[in-house]
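Position 212, counted from 1, in the sequence shown is what numbering that gives the first Met the number 0 calls 211; the numbers after and before it change by one each time, with no gaps. Report on the following structure.
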Amino acid sequence: MDHFHDPSSADAAFEAASNRLTIDLGALADNWRAMNKLSGKARAAAVLKANAYGIGIGPAASTLYRAGARDFFVANAEEGVALRPIVPDGRIHILAGMWSGNERLFFDNDLIPIINSEEQLAFFISTLSERGDHPCVLHVDTGMNRLGLAVEEALTLANDPARPASFSPILVMSHLACADDPSHPLNRRQLESFRMVTAAFEGIESSLANSGGVHLGPDFHFDLTRPGIAVYGGEAVNDMANPMKPVVTAEARILVIRSARKGDTGSYGGSAQFTRDSRVAIAAVGYADGYHRSLSGGGVTLRQASPGGAYGFLHGVKIPQLGRVTMDLTLFDVTDLPENAARPGDYIELFGNNIAVDDVARAGGTIGYEMLTSLGSRHERAYIEV
């Protein structure tokens, strides 16, 4: 359900959708250029994993390629295969790496495996004897305790005289665990560990910084930065005004306007409790669309710890979400709008230019990454071209 043109062209499917996304590719390109500039002497890659953070890998990749990106990171080989025709001369790095059974995808599509363990390293080297030289990236764990060779393993590999000549990584990388918190001491510890590794692999390019890491300054930039969430308009650093442009606007259609009397309840479990006579908009969006149940205004465990819930935006006014978010439907309080201002067929902004995706995420006890990547296939999508 993708439409690669301006939604103002009155595309029938977009205009009649129950819920919809407007994706500003110009903002996407501007955000990448901003991160590339902030990367200083390093060049910025484009991270396109999880279907380009939910917005669509095809339009996102072609936009960022035209903006100047030539290094791309995706989650797995299948994503890399889908990406290859869009960026014919791009360097496509596969974060999950190579293993027995998927190696053909790497060689047939010129994909670059990221080596995440000694087992992956051994398998990759074994394939070189059969297929010949192929580029790879060495991933070193400096503090995430997730993927990557231990620092000691990487140093041993660098100094191993028996290391096959055919194994010649084009990049050494690590990943920051706390870059969203600039004052966290782990940032500096990871940097020091990574410098030990890069010194051992002299002459090979290196990469450490994610979106938050770019903001940590030149010490963290090395040769290649890997901004992700910032390019899609999300917050990269805690407690800092977000300089990025919103990329995604999510909207839900109002199906019905109902009247509720003081003392009435609504949604499952009577979780919406009306303390005044109210007008309620029933919107065609729910947790099946990635509008999480934890965003509910009441009736969920999170509300016991954090009062409130998400808001929508309609006709210049923030409108509270009421009661439990259900699979396909969500209630919003439109009482404070002028009478008859909210009508069936109007669209409530769930997040976008007027409500930041990260603000909505916080209401649900989560992060903007999860909000964007949870957007389901039921959203009609329209792309504002650059």
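Every residue, glycine too, gets a C-beta built ideally from N, C-alpha and C.
- The beta strand (DSSP E) runs lying completely inside the stretch 226 to 263 and spanning 3 residues or more are 247 to 259, given in chain order.
- Scanning Glu369, Pro58, Val86, Leu37 for the CA closest to the CA of Asp288 turns up Glu369.
- For Ala208, same chain residues with a beta-carbon under 6 Å away, outside a window of 5 residues either side, are Phe219, His220, Thr224 in chain order.
- Only exposed fits Ser258, as fewer than 16 other CB atoms lie within 10 angstroms of its CB.
- Close CB contacts of Tyr267 within its chain, under the 8 Å cut and outside five residues either way in sequence, are with Gly298, Gly322, Arg323, Thr325 (chain order).
- Of the other Cβ atoms in all chains shown, 16 or more fall within 10 Å of the Cβ of Ile354; this residue is therefore buried.
- If the five residues before and after Ile366 are omitted, its C-beta is found closer than 6 Å to the C-beta atoms of Ala360, all from its own chain and listed in chain order.
- In the DSSP annotation of this structure, the continuous segment of the alpha helix (DSSP H) that includes Arg103 starts and ends at 102 to 108.
- For Arg32, the uninterrupted alpha helix (DSSP H) run begins and ends at 24 to 37, by DSSP.
- In the structure shown, the three-state DSSP call for Phe71 is strand.
- Selection Asp327, Pro319, Trp31, Asn186 evaluated against Val333 yields Pro319 as nearest (Cα-Cα).
- Partner residues in the beta bridge of Gly311, as assigned by DSSP, are Ile318.
- Its Cα nearest to that of Ser277, the residue Lys261 stands out among Asp29, Asp222, Thr141, Lys261.
- About 7 Å separates the beta carbons of Ala28 and Leu63, which is inside the 8 Å limit, making them a contact pair.
- Residue pairing for Tyr382: DSSP places it in a beta bridge opposite Ile22.
- Its Cα nearest to that of His92, the residue Ile114 stands out among Val247, Gly53, Pro160, Ile114.
- The DSSP-derived three-state label of Asp222 is coil.
- Spanning the alpha carbons of Gly308 and Gly285 requires a straight line of approximately 14 Å.
- Shown here, His138 sits in a strand according to DSSP, grouped into three states.
- With a threshold of 16 other beta carbon atoms within 10 Å, Gly39 falls short and is exposed.
- For the 8 Å CB-CB criterion, Asn30 and Gly315 do not form a contact.
- Between Leu37 and Phe72, the C-beta gap is not smaller than 8 Å, which leaves the two residues out of contact.
- In its chain, beyond the 5 residues on either side, Thr372 have a beta carbon closer than 6 Å to the beta carbon of Ala49.
- Boundaries cannot be given for Met97, as no alpha helix (DSSP H) includes it and DSSP labels it neither H nor E.
- In the displayed model, Ser128 falls within a helix according to three-state DSSP.
- The beta carbons of Val247 and Ile54 sit closer together than 8 Å.
- If you draw a straight line from the Cα of Leu137 to the Cα of Ala229, it comes to about 25 Å.
- The three-state secondary structure of Pro337, taken from DSSP, is coil.
- Asp357 and Glu14 have their C-alpha atoms roughly 26 Å apart.
- Taking C-beta separations shorter than 6 Å and ignoring five residues to either side along the sequence, the partners of His183 in its chain run Cys177, following chain order.
- In the three-state reduction of the DSSP assignment, Phe122 falls in the helix class, which pools H, G and I.
- Bridge partners of Ala271 according to DSSP: Gly265.
- In the structure shown, the three-state DSSP call for Val284 is coil.
- Assignment of beta-bridge partners to Arg90 by DSSP yields Asp70.
- Judged by beta-carbon spacing, Ala283 lies within the 8 Å limit of Asn18, meaning their Cβ atoms are closer than that value.
- If you draw a 10 Å sphere on the C-beta of Asn186, you find 16 or more other C-beta atoms in it, and that means buried.
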